[in-house]
Structures are given as C-alpha cells and as structure tokens.
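Visitor: My questions all concern the structure below.
In the working numbering, the protein residues as written are 530 to 765.
Shown next as structure tokens:
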C-alpha cells in the first residue's frame with residue numbers, strides 16, 4: 530500500500546425529510562488535494578488490488594480520526610476483489626483497530642466498471658451482507674448493466690447517476706426514467722440516493738416525487754480531510 534500516497538475528502542449524503550446528514554462518501558484525493566482522476570490515472574490492473582485496499586483502510590482510519598458517527602460510504606472496485614472473504618480481512622482489521630463500527634459502513638460499487646463475471650459480483654455482495662455491511666450500486670443508470678444486475682441480486686441502495694438528474698425538472702424523459710426507478714426500488718425495498726443535485730429546481734422536483742436522500746454541490750461540496758457539519762448544509 531506504500532505505493533499510494535492518498536487521503537480522502539468527504540461529501541455528505543443528506544436526508545431531506547429529516548434535514549440532516551445521513552452519510553458521508555469517502556472520495557479519494559492526493560495528499561495535496563489532487564482530484565480522483567489524477568490519482569486513478571496511476572491505477573493499473575497490476576496494482577488495482579493494492580489501491581482498493583489502501584482506499585478502504587484510509588477511509589476508515591480518517592473517518593475514525595475525525596469522529597464520524599454517521600454512515601461511511603466507501604467505493605470499491607469489483608474487479609479488484611479476487612476473493613470476497615479474504616479481501617475483507619484488512620477492512621475488518623482496520624475497523625477493529627480504529628474502533629469504527631462495521632455496521633456503519635456502506636460499500637458502493639460503480640456499474641461503470643465492466644463486470645466480466647456476474648457470479649463473482651453476486652458473491653461479493655452476498656459476502657458483504659453476511660459480514661454486516663450495507664451495499665450500494667453507484668452511478669446507477671450510467672453504466673453497463675444496472676437493471677440486469679438488480680434482476681440477479683439486490684444491493685441495499687441505488688445511487689442514481691448525475692446524468693439522469695441534470696435539469697430533471699425540465700426533461701420529461703429523465704422524469705419518466707426516475708419515476709420508474711423509484712417505483713422499482715419501492716417494490717424491491719431499496720433505498721434511493723440521487724447524486725449530483727446542483728439546483729433548487731432539481732431538488733424541488735426530486736423531493737416532490739418522494740426522494741428522501743440526495744447528494745450534490747447544492748448541499749455541500751466534498752470537504753478535504755474533514756466532515757461537513759449539519760449546520761453547514763445549504764438547504765434550499
């Protein structure tokens with residue numbers, strides 16, 4: 530893990546009904562605040578596993594150091610997980626060492642990453658559930674096979690991609706797609722988080738259509754190595 534000099538920014542996921550922070554997503558950064566793209570550019574197939582492990586451990590260490598009491602969302606790369614149980618060992622060890630409750634951890638995986646082995650990702654999700662973790666599909670609607678993945682196995686949370694949220698208050702096609710996602714999630718008992726909410730108009734449409742959890746610059750930008758407070762959230 531020494532080959533990766535990384536740290537984290539944290540962006541809140543808010544509960545718009547209770548008007549409070551529900552969770553924080555850990556977003557990888559360079560030590561001088563370099564963006565995720567710059568950091569990810571150094572990741573190859575050969576070092577993907579080490580990078581994935583380094584990110585998990587750093588997110589837990591920093592969250593614990595900052596005194597996080599809400600949920601912690603950690604991104605992981607399905608293709609970096611060769612054996613789910615073995616790959617969880619460092620995560621569990623880091624949580625124990627830092628006294629961070631594992632039942633507060635949500636693992637997000639992006640459907641943007643081409644998943645070659647459907648059975649493998651299903652095994653990962655089941656193993657994480659067995660170990661008490663919550664799981665989420667990130668960037669839902671932007672990637673390769675979100676709907677067919679959900680037909681095979683269910684994560685606990687769907688995070689709807691920003692591309693489906695942009696100007697949703699003015700776009701009938703996006704509105705129809707989102708309403709369909711919300712109905713599907715309700716029938717399956719899944720939580721929905723809408724990502725990339727940036728305007729009061731988007732917020733208003735989403736809230737009026739029953740979206741409880743949102744994330745985006747409208748509320749708070751990612752904060753470098755610190756946690757945004759409830760009092761700092763910009764409520765429209």
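C-beta atoms are modelled at their ideal positions from N, C-alpha and C, and glycine is treated no differently.
Just so we're clear, the structure is a prediction, and the values are computed from it rather than from any experiment.
Counting pairs of beta carbons, one from the stretch 687-695 and one from the stretch 646-664, are three or more of them closer than 8 angstroms?
Guide: They do not touch, by the three-pair rule.
Visitor: Among 738, 678, 686 and 717, whose alpha-carbon lies nearest the alpha-carbon of residue 703?
Guide: As a position in the chain shown, residue 703 is number 174, starting the count at 1. Looking at the Cα atoms, 738 is the closest of the given residues.
Visitor: To the nearest angstrom, report how far apart residue 748 and residue 733 are at their CA atoms.
Guide: One-based indexing of the chain shown puts residue 748 at position 219. One-based indexing of the chain shown puts residue 733 at position 204. Going by the C-alpha atoms only, they are around 13 angstroms apart.
Visitor: Could you check whether the Cβ of residue 760 sits closer than 8 angstroms to any Cβ belonging to chain D?
Guide: Among the protein chains of the structure shown there is no chain D, as only one such chain exists.
Visitor: Please list the segments of the alpha helix (DSSP H) lying wholly inside the stretch 530-587, counting only runs of 4 or more residues, in order along the chain.
Guide: With a minimum length of 4 residues, the continuous alpha helix (DSSP H) runs that stay inside the stretch 530-587 are 565-569.
Visitor: Indicate the three-state DSSP secondary structure (helix, strand or coil) for residue 606 in the structure shown.
Guide: On the chain shown, residue 606 is found 77 positions in, with the first residue counted as 1. DSSP places residue 606 in coil when its eight states are reduced to three.
Visitor: Taking all protein chains shown into account, do 16 or more other C-beta atoms lie within 10 angstroms of the C-beta of residue 740, making it buried, or fewer, making it exposed?
Guide: For the purposes of this step, residue 740 is taken as residue 211 along the chain shown, with counting starting at 1. So residue 740 ends up on the buried side.
Visitor: So is residue 546 buried or exposed if we call it buried at 16+ other beta carbons inside 10 Å?
Guide: For the purposes of this step, residue 546 is taken as residue 17 along the chain shown, with counting starting at 1. With fewer than 16 Cβ atoms within 10 Å of its Cβ, residue 546 is classed as exposed.
Visitor: Here's the rule I'm using: 16 or more other beta-carbon atoms within 10 Å means buried, otherwise exposed. How should residue 676 be labelled?
Guide: Stepping through the chain shown from its first residue, residue 676 is reached at position 147. Per the 10 Å Cβ criterion, exposed.
Visitor: Between 700, 618, 688 and 613, which has its C-alpha nearest residue 725's C-alpha?
Guide: To locate residue 725, count along the chain shown from 1; it is residue 196. The candidate whose alpha carbon is nearest that of residue 725 is 688.
Visitor: Are the stretch 557-564 and the stretch 609-616 touching by the rule of at least three beta carbon pairs closer than 8 angstroms?
Guide: Result no; under three Cβ-Cβ pairs closer than 8 angstroms.
Visitor: Roughly how many angstroms lie between the CA atoms of residue 594 and residue 570, to the nearest whole one?
Guide: Numbered from 1 along the chain shown, position 65 holds the residue referred to as residue 594. Numbered from 1 along the chain shown, position 41 holds the residue referred to as residue 570. Using only the alpha carbons, I get a separation of about 28 angstroms.
Visitor: Assuming residue 665 and residue 637 make a contact with CB atoms under 8 angstroms, what is their CB distance in whole Å?
Guide: As a working note, residue 665 is residue 136 in the chain shown. As a working note, residue 637 is residue 108 in the chain shown. Yes, they are in contact, since the Cβ atoms of residue 665 and residue 637 sit about 4 angstroms apart, within 8 angstroms.
Visitor: Would you call the CB atoms of residue 592 and residue 601 closer than 8 angstroms?
Guide: Counting from 1 along the chain shown, the entry for residue 592 is found at position 63. Counting from 1 along the chain shown, the entry for residue 601 is found at position 72. In this structure, residue 601 lies closer than 8 angstroms to residue 592 by Cβ.
Visitor: Below 8 angstroms between beta carbons: does that hold for residue 605 and residue 751?
Guide: Translated into the one-based positions of the chain shown, residue 605 becomes position 76. Translated into the one-based positions of the chain shown, residue 751 becomes position 222. No.
Visitor: Who are the Cβ neighbours of residue 708 in its own chain at under 8 angstroms, not counting the five residues just before and after it?
Guide: Counting from one through the chain shown, the residue named residue 708 turns up at place 179. Result list for residue 708: 738, in chain order.
Visitor: Enumerate in chain order the residues of its own chain whose CB-to-CB distance from residue 567 is below 8 angstroms, with the five nearest sequence positions on each side excluded.
Guide: Along the chain shown, one-based indexing puts residue 567 at 38. Contacts found: 559.
Visitor: Note down the Cα distance separating residue 632 from residue 661, rounded to an integer number of angstroms.
Guide: Sequence index remark: in the chain shown, residue 632 carries index 103 (1-based). Sequence index remark: in the chain shown, residue 661 carries index 132 (1-based). Cα to Cα, residue 632 sits roughly 6 angstroms from residue 661.
Visitor: Using only the alpha-carbon positions, how far apart do residue 550 and residue 754 sit?
Guide: Sequence index remark: in the chain shown, residue 550 carries index 21 (1-based). Sequence index remark: in the chain shown, residue 754 carries index 225 (1-based). When rounded, the distance between both Cα atoms is 17 angstroms.
Visitor: Are there 16 or more other CB atoms within 10 angstroms of the CB of residue 701, so buried, or fewer, so exposed?
Guide: Sequence index remark: in the chain shown, residue 701 carries index 172 (1-based). Under this definition residue 701 is an exposed residue.
Visitor: Tell me which residues share the same chain as residue 629 and place their Cβ nearer than 6 angstroms to its Cβ, disregarding the 5 neighbours each side in the sequence.
Guide: Residue numbering aside, residue 629 sits at position 100 when the chain shown is read from its first letter. These residues qualify, in order along the chain: 589 and 593.
Visitor: Taking only the alpha-carbon atoms, compute the straight-line gap between residue 572 and residue 760 and give it to the nearest angstrom.
Guide: Taking the chain shown and counting its residues from 1, one reaches residue 572 at position 43. Taking the chain shown and counting its residues from 1, one reaches residue 760 at position 231. Taking the straight line joining both Cα atoms gives about 37 angstroms.
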